[in-house]
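**Student:**
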Amino acid sequence: MEKRVKFKGIWLPLLLVLPQILITAIFFFYPAGQAIWQSLFIPDPFGLSMQWVGLGNFEYLLSDRYYRASFITTAVFSILVTVVSMGVALYLAILADRLIKGSGTYRTLLIWPYAVAPAVAGVLWLFMFNTRVGVVTWYLGLLGYDWNHVLNEGEAMGLVVVASAWGRISYNFLFFLAGLQAIPRSVIEAAAIDGAHFWTRFRTIVFPLLSPTTFFLLVVNIIYAFFETFGVIHTITSGGPQQATTILVYKVYSDGFVGQDLGSSAAQSVILLVIVSLLTVIQFKYIERRVHY
Amino acid sequence: MAEQTGMVEKRGAGLWLTHLGLIIGVAFIFFPIWLAFVASTVSQPEIVRPPMPLLPGDQFFENYSKALTAGINAPVALMLGNSLFMALGIAIGKIAISLLSAFAIVYFKFPGKKLFFWLIFLTLMLPVEVRIVPTYEVIANFGMLNSYQGLILPLIASATATFLFRQFFMTVPDELAEAARVDGAGPMRFFFDILLPMSRTNIAALFVILFIYGWNQYLWPLLITTDPSMNTIVMGIKQMFPSGDDIADWPVIMATSILAMVPPVLVVVGMQKLFIRGLVESEK
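Just so you know, the sequences run in chain order A and B.
Residues 77 to 369 (the working numbering) are what the first sequence spells out, left to right.
Residues -1 to 282 (the working numbering) are what the second sequence spells out, left to right.
Structure below.
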C-alpha cells in the first residue's frame, strides 16, 4: 500500500523522523541491546569488570529451582487472571446484550475501572483483606475463617488474582459487548424460531462468532497478566510469601534492583522478551486469519 | 424494532433477573472503591477497631486536606502535579513525534524508509518492563534520575501511535495532497492546514488512551524517582505505608488512592466515545 502522491525532498522527511529515531534508539534499541549483551556476562561483586559466560546465565536460570518455580507461578497466575476477568466480563456482556434499553448505562457503570491503575487496585484490595483492619477479613473471621494472605500462599495468590482481574473486567466487557452486538440479530432469531434454547444458541452460534474477539482478548490478557500486574503484586504481596506470587516480571525487578544480580536479571529480561515476541507473533498471525469468519 | 426482537431479549421475570445479574456485577466493581471512599471520610480509630463503618463519616475535609497539603512523605498535591505533568508529557510527546514520522513515511520517499519502518515495528511489542535495568542505566548516565525527562522519554519510545497515524493517513484521499501541490503549498503547509485538522478525532482518542497509560505508570517512576518530591501519585501510595509493624495511616492513604483515581476516571467517563474509539483502534 503506497500513496500515489508524494512530496519531493529528502532532508525534510529525515528531519521529520529524527525525533522518533533518536528517542527509539536511545531509550529502546540501546537498552534492549544492552539487556542481550549483559545477559552473556557475570559482573564481579564490585562491579568493576565483567566476565564472559556465554549462555551460562541462561543455563543457570533454567536449572534454578526458584526461577522454574517463578515460571509456574506466572503460568498459574496469568491463566487465572485471564479466565476470571474474561469469564466475568463475558457473563456481564451477555446479560447487557439481552437488554433492549439500558445496556449503555451499564456500559458506563462498568467501564471506568479501566482507568484505575493496577497499583491503586492493589491498595484497594489490600485494604479489604488486610489482616488487621480489613473489612472482609473481619467478616470472614465471624464465619470462622482465618484469612491471612501474609502467611498463606494460596490466599496470597487468590488475592493478587482477584485484584488483577477486577481492574481488567471493564476492558474485556467492552470488547465482548461490541462483539456480541456485531452478531446479526436475524441469525439468532432464526435459531430461536427453530426452537434452539439460549444455551444451544450460545454454544452453536454466538460463541463461534465471538471467537475472534475471544482469541484477541486471550492474548491481550495474558500479556497484561505478565507485565502490567507488577503494581498489584508489589503493593499487595511483594512477591511473597515464600515467593508464592513472584511472577517473572517481579523477579526481573527483585533480582536486578533489590538483589543487584545484573547478569541474571538481564538474562531474565531476554527470556521475557522472547515470550512476548512469540505472543505477539501468534496474535498477528491469528488475527489476520480472523480465527473464524 | 422492540416488538420484533422480543423473541430473544428477556421480558418479565427474565428481564429482572438480567438486571439483577448486572447490578451484582456493578456492585462487585464498585465495592472496593466505595470502601476506600468511606475509609477516606472516617478517623483512624474507626478503622483500626474493625469492622470499619460502611457509610461515610464526617472527616472528609480533614483527611483530604491533610493528604493534599502534608501527605506522609510529600504533599499529595505535589504528587498529583507530577503525575499530571508526566501523563501530559507522555501523551503529547508521543502524539507529536508519531504524527511527524507517520507523515514522513506516508507522504515522502526517502532513503532508509523501509529500514526505519521495520525498526519502529519492532518496538510495538516490547513493554518497558522487559528492559528496565539497562534503561535505568541510560537514564542514570544522562543524569535524568528524579527528572521529568527521565519519567517521560523512555515511555514514549514505542511506535503504536505511529502505526495508528500511518493507517489513518493512508485513508486520506490523494486528491487533497495533489490539490495542495498544484496550489503551490509546501508539505508542511499541507500537514498543518489539512492533515492535522483532519486527524483531530484520532488525536483526541489517542490522547485519552495515552493519558491514562501515562498516569497509571508504576514500575518506572518507582525506579527513577527516589526523591519524594518527584514521586507520582500512583507510585507514591505504596511509599505511604510504614515499614515494620507501625499501623498505616489508612484515612490519608485511602484519600490519596481516591485522588489518584479521580483524574483518569473523569477522562474515561467524560470522553467515553473517544475512549472507546481509542481503545479499539489502538488495539487493532
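Beta carbons are placed, not taken as given, at the ideal position from N, Cα and C, and that holds for glycine.
Since Phe117 (chain A) sits in a beta bridge, which residues does DSSP pair it with?
**Tutor:** A:Trp128
**Student:** In whole angstroms, what is the alpha-carbon distance linking Asn286 (chain B) and Ala268 (chain A)?
**Tutor:** There is simply no residue 286 (chain B) to check, as chain B begins at -1 and stops at 282 in what is shown.
**Student:** Note down the Cα distance separating Leu220 (chain B) from Pro262 (chain B), rounded to an integer number of angstroms.
**Tutor:** 19 Å
**Student:** Look up Phe239 (chain B) in the DSSP assignment and say whether it is helix, strand or coil.
**Tutor:** coil
**Student:** Let me confirm a value: Trp116 (chain B) is counted as buried when at least 16 other C-beta atoms fall within 10 Å, else exposed. Which label applies?
**Tutor:** Residue environment analysis places Trp116 (chain B) among the exposed positions, since fewer than 16 neighbouring C-beta atoms fall within 10 angstroms of its C-beta.
**Student:** Nearest-angstrom Cα distance between Gly339 (chain A) and Met126 (chain A)?
**Tutor:** 9 Å
**Student:** As a quick exercise: from B:His17, B:Ala159 and B:Asn139, pick the residue whose alpha carbon is nearest that of Leu168 (chain A).
**Tutor:** B:His17
**Student:** Once the 5 residues before and after Met(-1) (chain B) are set aside, which same chain residues still bring their CB inside 8 Å of it?
**Tutor:** Here the model assigns Met(-1) (chain B) a pLDDT of 36, short of 50, so the residue's position is not dependable, and the following value carries that caveat. Excluding the 5 residues flanking it on each side, Met(-1) (chain B) has no same chain C-beta neighbour closer than 8 Å.
**Student:** Would you report the Cα separation of Ser179 (chain A) and Tyr211 (chain B), rounded to the nearest angstrom?
**Tutor:** 27 Å
**Student:** Count the other CB atoms, across all protein chains shown, that sit within 10 Å of the CB of Tyr384 (chain A); report buried if there are 16 or more and exposed otherwise.
**Tutor:** An answer regarding residue 384 (chain A) cannot be provided, because it is not within the stretch 77 to 369 covered by chain A.
**Student:** For Phe106 (chain B), list the residues DSSP reports as bridge partners.
**Tutor:** Looking at the DSSP output, Phe106 (chain B) bridges to A:Phe83.
**Student:** In three-state DSSP terms, what is Met285 (chain B)?
**Tutor:** Residue coverage of chain B in this structure runs from -1 to 282, which leaves residue 285 (chain B) outside it and unanswerable.
**Student:** With DSSP as the reference, label Met269 (chain B) as helix, strand or coil.
**Tutor:** Met269 (chain B) sits in coil when the DSSP states are folded into three classes, being neither helix nor strand.
**Student:** Contact criterion: CB-CB distance below 7 Å. Does Val131 (chain B) meet it with respect to chain A?
**Tutor:** yes
**Student:** For Trp32 (chain B), which option in B:Val278, B:Gly268 and B:Ser255 has the closest C-alpha, if you only look at C-alpha atoms?
**Tutor:** Of the residues B:Val278, B:Gly268 and B:Ser255, the one whose Cα lies closest to the Cα of Trp32 (chain B) is B:Ser255.
**Student:** Applying a beta-carbon distance threshold of less than 9 Å, which residues of chain A neighbour Lys236 (chain B)?
**Tutor:** Ala195, Gly198, Val199, Gly307, His310 and Thr311
**Student:** Can you find a C-beta in chain B that's less than 7 Å from the C-beta of Val341 (chain A)?
**Tutor:** A small fix is needed here, since residue 341 (chain A) is Ser in this sequence, not Val. At least one chain B Cβ lies under 7 Å of Ser341 (chain A).
**Student:** Just to confirm, is the Cβ distance from Gly276 (chain B) to Ile207 (chain B) under 7 Å?
**Tutor:** Taking the C-beta atoms as reference points, Ile207 (chain B) is found nearer than 7 Å to Gly276 (chain B).
**Student:** Start and end of the alpha helix (DSSP H) containing Gln165 (chain B)?
**Tutor:** Thr158 to Met168
**Student:** Does Tyr62 (chain B) get closer than 7 Å to chain A when you measure Cβ to Cβ?
**Tutor:** no
**Student:** Flag this pair as yes or no: are the beta carbons of Val308 (chain A) and Ala239 (chain A) separated by less than 7 Å?
**Tutor:** yes
**Student:** Taking a cut of 8 Å between CB atoms, which residues from the stretch 199 to 233 of chain A lie near chain B?
**Tutor:** Those residues of the stretch 199 to 233 of chain A that come within reach of chain B (Cβ to Cβ, closer than 8 Å) are Val199, Leu200, Trp201, Phe203, Met204, Arg208, Val209, Gly210, Val211, Thr213, Trp214 and Tyr215.
**Student:** Skipping 5 residues on each side, what residues in its chain have a beta carbon closer than 6 Å to that of Asp331 (chain A)?
**Tutor:** Asp337, Ser340 and Ser341
**Student:** Could you please give the first and the last residue of the uninterrupted alpha helix (DSSP H) stretch that includes Phe302 (chain A)?
**Tutor:** Ser287 to Phe303
**Student:** Going by the beta-carbon positions, is the gap between Ile245 (chain A) and Val164 (chain A) smaller than 7 Å?
**Tutor:** Against a cut-off of 7 Å, the Cβ pair of Val164 (chain A) and Ile245 (chain A) comes out as a contact.
**Student:** Please classify Gln318 (chain A) as buried or exposed, where buried requires at least 16 other C-beta atoms within 10 Å of its C-beta.
**Tutor:** exposed
**Student:** Closer than 7 Å by beta-carbon distance: list the chain A residues that pair up with Asp191 (chain B), in chain order.
**Tutor:** Near Asp191 (chain B) there are no residues of chain A at all, since even the closest Cβ is about 14 Å away, more than 7 Å.
**Student:** Between Met162 (chain A) and Thr223 (chain B), what straight-line distance do the alpha-carbon atoms span, to the nearest angstrom?
**Tutor:** 35 Å
**Student:** Could you tell me the alpha carbon to alpha carbon distance between Lys271 (chain B) and Thr158 (chain B), rounded to whole angstroms?
**Tutor:** 20 Å
**Student:** Could you check what DSSP says for Gln96 (chain A) in three-state terms: helix, strand or coil?
**Tutor:** helix
**Student:** Roughly how many angstroms lie between the CA atoms of Pro54 (chain B) and Ser41 (chain B), to the nearest whole one?
**Tutor:** Approximately 10 Å, taken between the alpha carbons.
**Student:** How many Å lie between Val367 (chain A) and Ala241 (chain A) at the Cα?
**Tutor:** Any reading at Val367 (chain A) must be qualified, since the residue scores a pLDDT of 44, below 50, and its modelled position is unreliable; the value itself is stated next. So the two alpha carbons sit approximately 25 Å from each other.
**Student:** Near Ser154 (chain A), what residues of its chain come up, given a Cβ to Cβ distance below 7 Å and the 5 sequence neighbours on each side ignored?
**Tutor:** Ile298, Ala301 and Phe302
**Student:** Can a CB atom of chain A be found closer than 7 Å to the CB of Asn71 (chain B)?
**Tutor:** Output row for Asn71 (chain B): interface = no.
**Student:** Exposed or buried, what is Phe360 (chain A) when buried is set at 16 or more other beta-carbons lying within 10 Å of its beta-carbon?
**Tutor:** exposed
**Student:** With distances taken Cα to Cα, identify the nearest neighbour of Tyr105 (chain B) among B:Phe273, B:Gly184 and B:Asn200.
**Tutor:** Minimum Cα distance to Tyr105 (chain B) is reached at B:Gly184.
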